[in-house]
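**Student:**
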Amino acid sequence: MKLLLLEDDDLLAESLAESLKDNGYRIDLAPSLKVARSLMATEHYELAILDLGLPDGSGLDLLKQWRKDGGDLPVLILTARDTWEDKVVGLEKGADDYLTKPFHEPELIARIKALLRRKSGSMSQELTLSNITLDEANRSVSVNAGAWHSLTGTEFILLRYFMHHPDRVLSKKTTA
Ligand code: CA
398 MKLLLLEDDD LLAESLAESL KDNGYRIDLA PSLKVARSLM ATEHYELAIL
448 DLGLPDGSGL DLLKQWRKDG GDLPVLILTA RDTWEDKVVG LEKGADDYLT
498 KPFHEPELIA RIKALLRRKS GSMSQELTLS NITLDEANRS VSVNAGAWHS
548 LTGTEFILLR YFMHHPDRVL SKKTTA
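At position 98 of the sequence shown (counting the first as 1) the number is 495 in the numbering used here, and the numbers step up by one without a gap.
1) Cβ of Gly487 versus every heavy atom of ligand 1: is any distance shorter than 7 angstroms?
2) For ligand 1, I want to know if Leu451 counts as a neighbour, meaning its beta carbon is within less than 7 angstroms of at least one of the ligand's heavy atoms.
3) Inspect the beta-carbon positions of Leu367 and Gly454 and report whether they are closer than 8 angstroms.
4) Are Asp448 and Leu475 close, meaning C-beta to C-beta below 8 angstroms?
5) Please tell me whether, using a cut-off of 7 angstroms, the distance from the CB of Asp407 to the nearest non-hydrogen atom of ligand 2 is below it.
6) For Glu404 and Leu513, which I take to be in contact (beta-carbon distance under 8 angstroms), what is that distance rounded to the nearest angstrom?
7) Does any heavy atom of ligand 1 sit closer than 7 angstroms to the C-beta of Asp448?
8) Give the single residue among Glu523, Asp483, Glu533, Ala414 whose Cα lies nearest to the Cα of Pro503.
9) From the DSSP output, in three-state form, read off Tyr495 for me.
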């Protein structure tokens, strides 16, 4: 699970990156908007931690652009700007959470976990195995990314079971 940390304070960035790594996340550090933009263009991140005051502009502008381009990456703003008005602006520009400096690392990590949980809960329930995709919410299947076909109850249960146990040979008895 890879996160983008946009932060121009080297000491803070390094200490935070260490803690996040200890919690099992992979981190890319961006000290400027420019670096963040080029990383975002090539890498896939699960979440971004965004400082607002950066040497080449405001993190808010970047956030606004991401949202305008349809990016739904969860974003946590981490900043020294601590008035309620700042928080409202940040959230309205598309941030999912807002934490002010100074902060406690365990709180930041707990908030990141909560954001990632929320994200996985809202994702569509699709299961893919080689060329077969099963949409669990709509009980339909697509082969080779073609049209969706609805399944009967039994078909759905069987296919779902097979896809969850791809390496097992099943007897009639197992699946009955
Ligand atoms: Ca800063």
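Note that beta-carbon positions come from the ideal geometry of N, C-alpha and C, so glycine has one too.
Given the structure is predicted, the values throughout are model-derived calculations rather than measurements.
**Tutor:** The short version:
1) Reading the sequence shown from its first residue, position 90 is the one you call residue 487. Flag unset: Cβ of Gly487 not near ligand 1.
2) Walking along the sequence shown from the start, residue 451 turns up at place 54. Checking the Cβ of Leu451 against ligand 1 gives yes.
3) Because residue 367 is not part of the residues shown, which for the chain are 398 to 573, the question remains open.
4) Looking up residue 448 in the sequence shown gives position 51. Looking up residue 475 in the sequence shown gives position 78. Yes, they are a contact pair.
5) Ligand 2 is absent from the structure shown, which contains only ligand 1.
6) For the purposes of this step, residue 404 is identified with residue 7 of the sequence shown, where counting begins at 1. For the purposes of this step, residue 513 is identified with residue 116 of the sequence shown, where counting begins at 1. The pair is not a contact, with the Cβ atoms about 19 angstroms apart (cut-off 8 angstroms).
7) As a first step, residue 448 must be located in the sequence shown, where it is residue number 51. Checking every heavy atom of ligand 1 against the Cβ of Asp448, one is found closer than 7 angstroms.
8) Here residue 503 corresponds to residue number 106 of the sequence shown, with the count starting at 1. When each option's Cα is compared against that of Pro503, the closest is Ala414.
9) By one-based count along the sequence shown, residue 495 stands at place 98. Strand at Tyr495.
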